[in-house]
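Worksheet: the structure to be examined is printed underneath.
The structure is reproduced here in structure tokens:
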């Protein structure tokens, strides 16, 4: 006669640990989802900072170009 195999023997977790394993797995999924959301928010924040710096650089480049053209005109 064959020995009955249950899921705990197949996956190597005792019967009493299966529910704990499933509960911990759900907690881990929730934690991962929370971390993904946090990272997405941080990425958006950092993207906004970079975009603001890019805009500042463009403004400064335009100002430098304006000053150069004004100085160039005044030299002649």
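Residue numbers (our numbering): 63 to 138. Cβ coordinates follow ideal geometry from the N, Cα and C atoms, glycine included. In this text, all values refer to a predicted model and were calculated from it rather than measured experimentally.
- For the alpha helix (DSSP H) assignment, the segment 77 to 124 encloses no uninterrupted run of at least 4 residues.
- For residue 125 and residue 119, the gap between their C-alpha atoms comes out near 10 Å.
- In this structure, the straight-line span from the alpha carbon of residue 104 to that of residue 131 is close to 41 Å.
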